[in-house]
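S.K.:
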Amino acid sequence: MNVRITGTGSALPGKILTNAELEQLIDTTDEWITTRTGIKERRIAADGEYTSTFAAEAARRALAMAGIQPEELDLIILGTVTPDFPFPSTACIVQDLLGATNATAFDLSAACSGFIFGLSIAEKYIRTGAARKVLVIGAEILSRIVDWEDRNTCVLFGDGAGAVILEGSEGDHSLLSTHTFSNGEYWNLLYQQGSGSRNPATDSRTLDERRIYLAMAGNDVFKHAVRGMEEAAVKALDANGLTSSDISLMIPHQANRRIIDATAKRLGVDSDRVFVNLHHYGNTSSASIPIALDEANRQGTLKPANKILLVAFGGGFTYGSALIDW
Ligand code: ACO
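Residues in the sequence shown are numbered consecutively from 1, following our numbering.
1. Which class does alanine 163 belong to by DSSP, given the choice of helix, strand or coil?
2. Roughly how many whole angstroms lie between the Cα atoms of leucine 98 and aspartate 107?
3. Using DSSP with H/G/I as helix, E/B as strand and the rest coil, what is glutamate 31?
4. Since lysine 307 sits in a beta bridge, which residues does DSSP pair it with?
5. Determine whether the beta carbon atoms of alanine 292 and glutamine 254 lie at a separation below 8 angstroms.
6. Below 8 angstroms between beta carbons: does that hold for leucine 142 and alanine 103?
7. Tell me the DSSP bridge mates of threonine 178?
8. At the level of alpha carbons, what is the spacing between threonine 178 and lysine 307?
9. What are the complete beta strand (DSSP E) segments, minimum 3 residues, inside the stretch 23-103?
10. Using the C-alpha atoms, what's the distance from leucine 73 back to glutamine 95?
11. Nearer than 7 angstroms: is that true of the beta carbon of glycine 314 relative to any heavy atom of ligand 1?
12. Need the endpoints of the beta strand (DSSP E) that leucine 332 sits in, please.
13. Given this structure, state the Cα-to-Cα distance separating alanine 100 from alanine 66, to the nearest angstrom.
14. Look up isoleucine 5 in the DSSP assignment and say whether it is helix, strand or coil.
15. With a CB to CB cut of under 8 angstroms and the five nearest residues on each side skipped, what residues in its chain are close to threonine 51?
16. When every heavy atom of ligand 1 is checked, does at least one fall within less than 7 angstroms of the C-beta of alanine 292?
17. What is the rounded straight-line gap between the Cα of leucine 249 and the Cα of aspartate 203?
18. So is isoleucine 33 in contact with chain C if we call contact Cβ pairs under 8 angstroms?
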């Protein structure tokens with residue numbers, strides 16, 4: 001049984017926070033952010049908007065494109081590091097919002113690689129016959145875990161969600177492979193220190209010592225990200241007997257323009273075959289690849305039989321790739 005993407009969708013907050021506005025909030029400049037990251041603006045969720053809000057809206061758009069009803073879904077996998085609550089899973093909340101009454105639903109924690117890890121699990125469910133129609137979502141509201149007093153991190157992130165519908169298919173155009181990797185040795189280079197069992201939100205020091213926020217060793221993450229994305233991409237190409245010249249479009253995790261450029265250069269993929277939208281949205285973690293995939297799809301960039309390479313890297317460290325024959 002092959003696995004085909006039959007629908008894509010995305011949803012973003014309406015509020016745009018520009019670099020110029022950030023200049024008013026913290027000691028930074030548009031010039032620094034643009035040259036170091038490529039980011040010009042990001043979307044920020046409003047009061048009353050939650051991770052499930054955008055996840056469900058992205059899912060509705062993907063369902064509409066696939067032409068299937070929520071009740072037909074067998075499985076919902078939601079990658080996030082910013083769930084509505086520690087429990088229950090945001091996937092269960094999305095199940096309720098959609099009315100996907102026949103689906104098993106769970107969240108997946110693989111940081112910025114969450115969507116690729118989700119695709120990989122969905123692929124196996126479908127190939128083994130355990131599910132026929134699967135919804136995979138990447139959704140985040142990172143603006144609620146970044147430290148808005150830390151200029152090293154707060155300029156990098158944004159909010160949003162992307163989703164795909166995967167279905168079993170006998171046809172050729174399908175998900176060719178997924179590869180996932182983890183390297184827990186570096187778990188503390190990028191993490192949210194507070195709100196779990198080590199620094200509970202109930203301990204006043206968690207807030208007082210600013211442990212509640214996302215913390216990152218930016219330079220180290222940068223180097224590992226380039227190496228990890230290259231390794232994952234090469235694995236995908238080798239597994240399918242392809243070279244980088246066969247790739248029509250690479251959609252990398254949208255963390256930093258320099259990480260994307262360095263990865264593409266190492267792989268030999270020219271910039272006109274690399275999808276970039278991080279100037280609009282910043283790093284939306286697990287949501288970045290499905291948002292980009294949906295944009296490329298709706299723009300008509302993806303043509304039948306195109307080879308599309310998705311590649312991600314994130315906290316954990318986690319990294320991975322997916323190769324699609326569109
Ligand atoms: N505005 C102005 N100056 C700043 C800002 C800011 N927003 N942030 C940091 N600086 C200053 C620093 O204080 C430092 O000043 P100093 O030299 O006086 O100490 C100087 O800029 C250089 O800082 P560096 O950290 O060396 O800058 P670098 O070129 O490494 O860029 C960055 C930092 C953008 C975070 C980069 O390391 C990076 O992109 N790392 C990857 C991390 C990433 O993308 N993480 C996202 C999640 S993981 C993932 O998705 C891959």
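Cβ coordinates follow ideal geometry from the N, Cα and C atoms, glycine included.
M.R.: Answer, in terms of the structure:
1. One-based indexing of the sequence shown puts residue 163 at position 163. Here alanine 163 sits in strand by DSSP.
2. In the sequence shown, residue 98 corresponds to position 98, counting from 1. In the sequence shown, residue 107 corresponds to position 107, counting from 1. For leucine 98 and aspartate 107, the distance between alpha carbons rounds to 16 angstroms.
3. For this step, residue 31 is matched to residue 31 along the sequence shown. Correct three-state label for glutamate 31: helix.
4. As a working mapping, residue 307 is identified with position 307 in the sequence shown. Beta-bridge pairing links lysine 307 to Asp325.
5. Reading the sequence shown from its first residue, position 292 is the one you call residue 292. Reading the sequence shown from its first residue, position 254 is the one you call residue 254. A contact, by the Cβ cut-off of 8 angstroms.
6. The residue labelled residue 142 in the question sits at position 142 within the sequence shown. The residue labelled residue 103 in the question sits at position 103 within the sequence shown. Result no, Cβ atoms of leucine 142 and alanine 103 do not sit closer than 8 angstroms.
7. Taking the first residue of the sequence shown as 1, we reach residue 178 at position 178. Ala322, per the DSSP bridge assignment.
8. The count along the sequence shown starts at 1 and reaches residue 178 at position 178. The count along the sequence shown starts at 1 and reaches residue 307 at position 307. About 13 angstroms.
9. As far as the stretch 23-103 is concerned, its whole beta strand (DSSP E) runs of at least 3 residues are 41-44, 75-79.
10. What you label residue 95 is simply residue 95 of the sequence shown in a count that begins at 1. What you label residue 73 is simply residue 73 of the sequence shown in a count that begins at 1. Their backbone Cα atoms lie some 10 angstroms apart in a straight line.
11. As a working mapping, residue 314 is identified with position 314 in the sequence shown. Glycine 314: yes, Cβ under 7 angstroms from ligand 1.
12. Because the chain in this structure spans residues 1 to 326, residue 332 falls outside the shown range and cannot be described.
13. Within the sequence shown, numbered from 1, the residue matching residue 100 stands at position 100. Within the sequence shown, numbered from 1, the residue matching residue 66 stands at position 66. Annotation: alanine 100 to alanine 66 spans about 15 angstroms, alpha carbon to alpha carbon.
14. Counting from one through the sequence shown, the residue named residue 5 turns up at place 5. Looking at isoleucine 5 - three-state DSSP - the assignment turns out to be strand.
15. As a first step, residue 51 must be located in the sequence shown, where it is residue number 51. So the list reads Thr80, Thr82, Pro83, Asp84, Thr90, Ala139, Glu140, Ile141, Ala161, once near-sequence residues are dropped.
16. For this step, residue 292 is matched to residue 292 along the sequence shown. Answer for alanine 292: no, Cβ out of range of ligand 1.
17. Looking up residue 249 in the sequence shown gives position 249. Looking up residue 203 in the sequence shown gives position 203. Straight through space, the alpha carbons of aspartate 203 and leucine 249 are spaced by roughly 47 angstroms.
18. Among the protein chains of the structure shown there is no chain C, as only one such chain exists.
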